[in-house]
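Participant: Note that the protein sequences, when read in sequence, are chains H and A.
Sequential numbering of the first sequence, starting at 0, is according to numbering that gives the first Met the number 0.
Sequential numbering of the second sequence, starting at 0, is according to numbering that gives the first Met the number 0.
Backbone N, C-alpha and C define an ideal beta-carbon position, used for all residues, glycine too.
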Amino acid sequence: MVNGTVVDLSRVQFAATALYHFLFVPLTLGLSFLLAAMETVYVTTGKPIYREMAQFWGKLFMINFALGVATGLTMEFEFGTNWSFYSGFVGDIFGAPLAIEGLMAFFLESTFVGLMMFGWGRLSRGQHLAVTWLVALGSNLSALWILVGNSFMQDPRGAVFNPTMMRMQLRSFPDLLFSPDAQSKFVHTSIAGYVTAAVFVAGVSAFYMLRRRHLELAKRSFRMAALFGVMATIGVITLGDALGFVAARVQPTKLAAMEAVWKTEQAPMPFNLIAFPDQKERVNHAAVQIPDLLSLLVTHSLTGTVPGIDALEKRAERKIRNGIPAVEALETLSQDPGDAAARAQFDAHAKDVGYGFLAQRYAANLAQASPQEIRRAADDTIPAVAAIFWAFRSMVGLGLLMLAYFVMAVLFTLRNVVQDRPRFLQAAVWMIPIPFLANECGWLVAELGRQPWTVFGILPTWMSVSDHSVGYMVFSLAGFLLLYTAFIIVEMVLMIRAIRSGPEPAHGGPVVHVAGAQEPHLGG
Amino acid sequence: MELFAGLQVTWWLLLGVLLIGLGVMVGMDMGVGTILRYVGHSDVERRVALNAIGPHWEGNQVWFILGGGALFAAFPLIYATAFSGFYVVMMLLLWTMIVRPLGFEYRSKIASPRWRNVWDWSLFVSGAVPMVIFGAAVGNLFRGVPYSFAWDLASVYTGSFLGLLNPFAVVTGLLALALSMMMGAVMLLNKTEGMLYQRAHKMAGWASLAAIVIFAAEGVWVGRIDGYRLVKAPAPGILQTPLMQMVTRAAGAWRDNFSAHPSLYLVPALGFLGMAGVYLATRAHRNLLGWWCGALAWAGVIGTAGAALFPFLLPSSSDPSMSLTVWNASSSRLTLLWMLGFTVVFVPLILWYTSWAFWVMRGKVRAEEIAHDEHAY
Chain H
0 MVNGTVVDLS
10 RVQFAATALY
20 HFLFVPLTLG
30 LSFLLAAMET
40 VYVTTGKPIY
50 REMAQFWGKL
60 FMINFALGVA
70 TGLTMEFEFG
80 TNWSFYSGFV
90 GDIFGAPLAI
100 EGLMAFFLES
110 TFVGLMMFGW
120 GRLSRGQHLA
130 VTWLVALGSN
140 LSALWILVGN
150 SFMQDPRGAV
160 FNPTMMRMQL
170 RSFPDLLFSP
180 DAQSKFVHTS
190 IAGYVTAAVF
200 VAGVSAFYML
210 RRRHLELAKR
220 SFRMAALFGV
230 MATIGVITLG
240 DALGFVAARV
250 QPTKLAAMEA
260 VWKTEQAPMP
270 FNLIAFPDQK
280 ERVNHAAVQI
290 PDLLSLLVTH
300 SLTGTVPGID
310 ALEKRAERKI
320 RNGIPAVEAL
330 ETLSQDPGDA
340 AARAQFDAHA
350 KDVGYGFLAQ
360 RYAANLAQAS
370 PQEIRRAADD
380 TIPAVAAIFW
390 AFRSMVGLGL
400 LMLAYFVMAV
410 LFTLRNVVQD
420 RPRFLQAAVW
430 MIPIPFLANE
440 CGWLVAELGR
450 QPWTVFGILP
460 TWMSVSDHSV
470 GYMVFSLAGF
480 LLLYTAFIIV
490 EMVLMIRAIR
500 SGPEPAHGGP
510 VVHVAGAQEP
520 HLGG
Chain A
0 MELFAGLQVT
10 WWLLLGVLLI
20 GLGVMVGMDM
30 GVGTILRYVG
40 HSDVERRVAL
50 NAIGPHWEGN
60 QVWFILGGGA
70 LFAAFPLIYA
80 TAFSGFYVVM
90 MLLLWTMIVR
100 PLGFEYRSKI
110 ASPRWRNVWD
120 WSLFVSGAVP
130 MVIFGAAVGN
140 LFRGVPYSFA
150 WDLASVYTGS
160 FLGLLNPFAV
170 VTGLLALALS
180 MMMGAVMLLN
190 KTEGMLYQRA
200 HKMAGWASLA
210 AIVIFAAEGV
220 WVGRIDGYRL
230 VKAPAPGILQ
240 TPLMQMVTRA
250 AGAWRDNFSA
260 HPSLYLVPAL
270 GFLGMAGVYL
280 ATRAHRNLLG
290 WWCGALAWAG
300 VIGTAGAALF
310 PFLLPSSSDP
320 SMSLTVWNAS
330 SSRLTLLWML
340 GFTVVFVPLI
350 LWYTSWAFWV
360 MRGKVRAEEI
370 AHDEHAY
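Here it is, written out as structure tokens:
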């Protein structure tokens with residue numbers, strides 16, 4: 000039987016390593032594009048200041064990139080080390096986008112990032128520009144494929160359960176790739192990366208303007224970031240809305256938790272601006288509501304409703320009862336794959352087999368699952384409402400804050416007065432952590448809202464974990480904690496040092512590498 | 000169903016190609032990390048050594064990442080069972096490997112000798128430890144790994160961490176380490192001059208000789224340990240789980256494939272040829288030839304392991320009949336087919352632009368260039 004502590008520790012470890020990895024990835028996604036944009040201006044106008052910009056931001060890019068790569072290694076292997084049942088169960092589908100990510104994106108990004116840094120003196124302007132664009136393309140393609148994988152967990156499409164193999168198998172690759180959740184989430188997440196980079200570049204530029212240092216570089220960088228940022232923020236919000244629309248259809252429990260809707264009400268339903276959800280009593284305390292807005296936001300109409308948690312739980316209970324015979328049949332089939340009666344029983348109940356798995360956690364003997372055990376399993380289908388509700392509100396609130404900030408930034412920079420607005424510049428520096436926070440909140444909404452499933456509606460989280468001892472989990476968690484804490488300190492120190500020292504004074508620029516026969520001066 | 004069996008064998012071969020890529024490319028960079036403190040005495044020498052692989056190590060490392068991804072996609076049960084079974088070892092592997100990008104990227108950002116010394120040690124650890132672990136993992140495939148499956152194919156690991164450190168596995172780890180130090184040294188021969196070159200030259204000679212000795216010793220040794228034999232199983236190409244077969248153990252069974260097809264002895268022969276080639280070519284200062292001989296050595300060693308184990312991928316020592324094979328651990332036909340499509344398109348592209356990157360950065364790395372290049376490591 001699975002140990003609940005191991006399940007919890009496995010979840011904590013995955014969440015911690017993923018959230019940590021996700022601190023660095025969005026900046027890579029966005030900054031790679033900004034670098035490419037700066038260099039494009041350099042190549043088209045020939046102004047050296049843009050080359051200096053591309054090189055300076057490129058240096059900061061690399062400090063961040065190293066940790067993104069390092070922590071990404073953990074992610075690539077953690078499914079196998081800690082979620083082995085999950086890996087065997089859906090590897091036929093989920094493994095493919097991960098492998099394609101390596102083939103199509105990582106090789107591109109990683110091979111050309113080396114040339115981007117080391118090739119300044121060896122490539123023609125046009126070649127180097129192409130290399131920088133390929134880095135941007137590679138990093139964004141990697142976001143596409145990992146989010147295709149993630150979307151399969153949210154809304155499993157293009158797959159079918161094979162009872163002989165005891166696993167999900169691919170049925171249609173295009174269905175997997177063109178899942179609406181994948182499409183919206185890819186755009187939403189990658190543009191969130193652009194916002195992150197824009198806030199970062201604008202904030203660091205504001206720091207220089209405040210200190211009256213590197214003014215030329217700072218003003219131009221700020222302008223590019225502000226324009227890039229305002230467009231990107233609008234894009235993030237639009238796609239966020241599209242994602243909510245998808246969630247309403249495929250993950251009603253996630254949506255109900257995001258909005259803290261306990262009971263289905265008559266349309267048009269009110270929107271909880273602020274509330275303190277109480278999962279035990281199933282009520283919201285101190286709710287501040289806006290009439291009609293929920294129906295409008297979620298269903299884009301005044302007649303649509305959002306199913307409440309009570310109704311969703313009742314539905315889950317029915318599905319559990321229907322899924323239990325499917326799991327029982329599977330157990331028989333694993334002994335005798337040719338048992339026709341068991342196969343028929345499985346086929347009749349196949350669509351709810353995941354809900355049957357859910358009941359296994361509480362009912363040692365599924366045939367005699369008691370109503371209480373079934374109710375406990377149904378209760379599990381409701382994710383952590385208060386956490387999701389507040390993570391969602393924080394993400395949206397921070398997004399709106401960034402929109403307001405970028406609108407002001409664009410106005411100031413287009414009138415060329417931003418350098419004379421010290422309080423705004425100070426605020427711009429303080430804005431730097433905001434997109435990182437919003438990104439983390441977005442991850443929490445998406446992944447806490449998916450619970451209690453690793454593959455929504457099909458594979459429960461508790462079944463997915465590897466069968467480790469608590470000791471092993473404490474060991475690995477402690478190791479990650481120690482290493483990752485050290486890493487972030489080192490990274491911050493280097494980042495701040497690099498920012499303080501600023502762009503290199505133009506002492507002759509990069510040296511041209513020539514393959515020659517000169518004697519080296521080693522040992523000096 | 001013949002298409003399915005063909006796809007399974009194709010993916011088994013592709014997995015071999017990936018492992019060879021991992022050995023050659025990642026092994027080379029890790030080898031440079033391992034021998035960094037030996038070949039580079041001064042800070043400048045160490046920087047030259049690091050910058051020799053500086054533009055390429057990121058791209059090379061993807062062979063490792065892709066290895067994980069491809070294993071997941073093509074043989075999910077191997078990915079699941081091996082990585083969770085080897086948990087503590089995997090954590091050590093991950094932790095040492097994630098230090099490496101920072102070692103490259105951060106080492107030269109601060110001029111303090113203490114700071115750089117710490118990162119030089121971290122590059123040593125993150126070069127040597129993962130190579131030993133890779134090798135030991137392959138060595139353990141020959142001994143079998145203690146795991147079994149529940150009715151729903153949940154894998155249960157029954158061994159301990161220490162069980163993975165058996166002598167055969169450790170010696171295989173040393174073989175991987177020797178090969179990687181050899182390749183790291185050969186890479187430096189191609190990219191450096193002066194004292195650095197001379198020390199790397201010595202290292203390439205010793206490492207290739209060590210690899211020959213270990214590889215030969217393991218060839219004798221493997222005849223004395225228990226191998227696995229597939230006695231009864233559904234025909235290849237039929238969808239099957241590891242609960243449907245019978246496997247026995249017998250001393251020397253890892254030689255079965257070689258006895259049945261003596262031409263397979265060519266594979267280890269190529270391995271020896273590659274290692275000897277590295278020795279002879281580098282003695283003659285034909286260093287590019289030496290590099291290709293090193294690649295051949297890796298291909299021979301990994302090919303030998305594959306030829307001996309086939310069709311086994313991960314034998315179970317606690318319940319041999321639950322061993323994972325090419326036939327029962329693979330993905331479905333459709334997944335293998337799609338993945339093959341992507342591979343056929345992208346691997347040639349990858350090889351093409353990787354070669355271009357090496358060509359752009361061709362020539363020796365020189366100390367005075369690094370001193371003026373703010374992007375250098």
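Check I433 of chain H in the structure and name its three-state DSSP category.
Facilitator: In the structure shown, I433 of chain H sits in a helix (DSSP, three-state: H, G or I).
Participant: Put Q309 of chain H into one of helix, strand or coil per three-state DSSP.
Facilitator: Here residue 309 of chain H turns out to be Asp, not Gln, going by the sequence shown. Reduced to three states, the DSSP call for D309 of chain H is helix.
Participant: Where A304 of chain A and M181 of chain A are concerned, what is the direct C-alpha to C-alpha distance, given to the nearest angstrom?
Facilitator: If you take the alpha carbons of A304 of chain A and M181 of chain A, they lie about 20 Å apart.
Participant: Looking only at C-alpha atoms, which of H:V134, H:A497, H:D240 sits nearest to L107 of chain H?
Facilitator: Here the closest residue by C-alpha is H:V134.
Participant: What are the boundary residues of the beta strand (DSSP E) that K46 of chain H is part of?
Facilitator: That residue, K46 of chain H, is in no beta strand (DSSP E); it is neither H nor E in DSSP.
Participant: Just list the residues that DSSP pairs A158 of chain H with in beta bridges.
Facilitator: In DSSP, A158 of chain H forms a bridge with H:L169.
Participant: So, does the CB of M524 of chain H fall closer than 8 Å to a CB anywhere in chain A?
Facilitator: The structure shown does not extend to residue 524 of chain H, since chain H is modelled only from 0 to 523, so the question has no answer here.
Participant: Within 10 angstroms of its Cβ, does V212 of chain A collect 16 or more other Cβ (buried), or is it exposed?
Facilitator: Looking at its Cβ environment, which holds fewer than 16 other Cβ atoms inside 10 Å, V212 of chain A is exposed.
Participant: Buried or exposed for W11 of chain A, please, with buried defined as at least 16 other CB atoms from any protein chain shown within 10 angstroms of its CB.
Facilitator: That one is buried.
Participant: Per the DSSP calculation, F311 of chain A is bridged to which residue(s)?
Facilitator: According to DSSP, which records beta bridges pairwise, F311 of chain A is partnered with A:T324.
Participant: May I ask you to report which of helix, strand or coil DSSP gives S141 of chain H?
Facilitator: If DSSP states are grouped into helix, strand and coil, S141 of chain H belongs with the helices.
Participant: Taking the C-alpha atoms as reference points, what is the distance between G71 of chain H and V359 of chain A?
Facilitator: For G71 of chain H and V359 of chain A, the distance between alpha carbons rounds to 28 Å.
Participant: Determine the contact status of E316 of chain H and I373 of chain H, defining contact as a CB-CB distance below 8 Å.
Facilitator: Taking 8 Å as the Cβ cut-off, E316 of chain H and I373 of chain H qualify as a contacting pair.
Participant: Taking one C-beta from the stretch 122 to 129 of chain A and one from the stretch 92 to 108 of chain A each time, how about it: are there three or more such pairs within less than 8 Å?
Facilitator: Result yes; three or more Cβ-Cβ pairs closer than 8 Å.
Participant: Does the beta-carbon distance from P75 of chain A to D174 of chain H come in below 8 Å?
Facilitator: It is not a contact, given that the beta carbons lie outside the stated cut-off.
Participant: Return the CA-CA distance between Y278 of chain A and M202 of chain A, expressed in angstroms with no decimal places.
Facilitator: Distance between the alpha carbons of Y278 of chain A and M202 of chain A: 10 Å.
Participant: Can you tell me whether DSSP reads P179 of chain H as helix, strand or coil?
Facilitator: Here P179 of chain H sits in helix by DSSP.
Participant: Can L216 of chain H and M52 of chain H be called in contact, C-beta distance under 8 Å?
Facilitator: Yes; because the gap between Cβ atoms is below 8 Å, this pair is in contact.
Participant: Would you please state the rounded distance, in angstroms, between the beta carbons of T110 of chain H and T171 of chain A? I believe it to be under 8 Å.
Facilitator: Actually they do not touch by this definition, with Cβ atoms about 30 Å apart.
Participant: Would you verify that the beta carbon of V8 of chain A is, or is not, closer than 8 Å to some beta carbon of chain H?
Facilitator: V8 of chain A does not count as touching chain H.
Participant: Take A286 of chain H and list the residues in its own chain whose beta-carbon comes closer than 6 Å to its own, dropping the five residues that flank it on each side.
Facilitator: Cβ within range, chain order: N271, A274.
Participant: For Q450 of chain H, is the classification buried or exposed, using 16 other Cβ atoms within 10 angstroms of its Cβ as the cut-off for buried?
Facilitator: It is buried - the Cβ of Q450 of chain H has at least 16 other Cβ atoms within 10 Å.
Participant: Check this for me: beta carbons of W132 of chain H and A104 of chain H, under 8 Å apart or not?
Facilitator: It is not a contact, given that the beta carbons lie outside the stated cut-off.
Participant: Please confirm whether Y352 of chain A has its beta-carbon closer than 8 Å to some beta-carbon of chain H.
Facilitator: Yes, its Cβ sits closer than 8 Å to a Cβ of chain H.
Participant: Buried or exposed for L146 of chain H, please, with buried defined as at least 16 other CB atoms from any protein chain shown within 10 angstroms of its CB.
Facilitator: So L146 of chain H counts as buried.
Participant: What are the residues of the stretch 154 to 181 of chain A that lie near chain H, defined by any Cβ-Cβ distance shorter than 8 Å?
Facilitator: Flagged, chain order: S154, V155, Y156.
Participant: Just tell me which of H:Y49, H:T412, H:T73 has its CA closest to the CA of A17 of chain H.
Facilitator: With distances taken between Cα atoms, A17 of chain H lies closest to H:T73.
Participant: Are there 16 or more other CB atoms within 10 angstroms of the CB of E518 of chain H, so buried, or fewer, so exposed?
Facilitator: The predicted position of E518 of chain H is uncertain, since its pLDDT is 37 and thus under 50; a value taken from the coordinates is nonetheless stated next. Answer is exposed; the Cβ neighbour count stays below 16.
Participant: Please confirm if D91 of chain H has its CB atom under 8 Å from at least one CB of chain A.
Facilitator: Yes, because at least one Cβ of chain A sits closer than 8 Å to the Cβ of D91 of chain H.
Participant: If contact is defined by three or more beta carbon pairs under 8 Å, each pair taking one atom from either stretch, is the stretch 100 to 118 of chain A in contact with the stretch 76 to 85 of chain H?
Facilitator: Taking 8 Å as the limit for Cβ pairs, the verdict is that the stretch 100 to 118 of chain A does not touch the stretch 76 to 85 of chain H.
Participant: G289 of chain A and L178 of chain A look like a contact to me (Cβ under 8 Å); what is the Cβ gap, rounded to whole Å?
Facilitator: Not quite, the Cβ-Cβ distance comes to about 13 Å (not below 8 Å), so this is no contact.
Participant: With three or more C-beta pairs closer than 8 Å as the rule, is the stretch 68 to 87 of chain A touching the stretch 156 to 169 of chain A?
Facilitator: Yes, the stretch 156 to 169 of chain A is in contact with the stretch 68 to 87 of chain A.
Participant: For a cutoff of 8 Å on Cβ pairs, would you count E57 of chain A as touching chain H?
Facilitator: It does: the Cβ of E57 of chain A has a partner Cβ on chain H nearer than 8 Å.
Participant: In whole angstroms, what separates the C-alpha of G125 of chain H from that of G118 of chain H?
Facilitator: Using only the alpha carbons, I get a separation of about 12 Å.
Participant: What does the Cβ neighbour count give for M491 of chain H, buried or exposed, with the cut at 16 atoms within 10 Å?
Facilitator: Per the 10 Å Cβ criterion, exposed.
Participant: Could you give the distance in angstroms between the alpha-carbon of A296 of chain A and the alpha-carbon of H20 of chain H?
Facilitator: Rounded to the nearest angstrom, the two C-alpha atoms are 36 Å apart.
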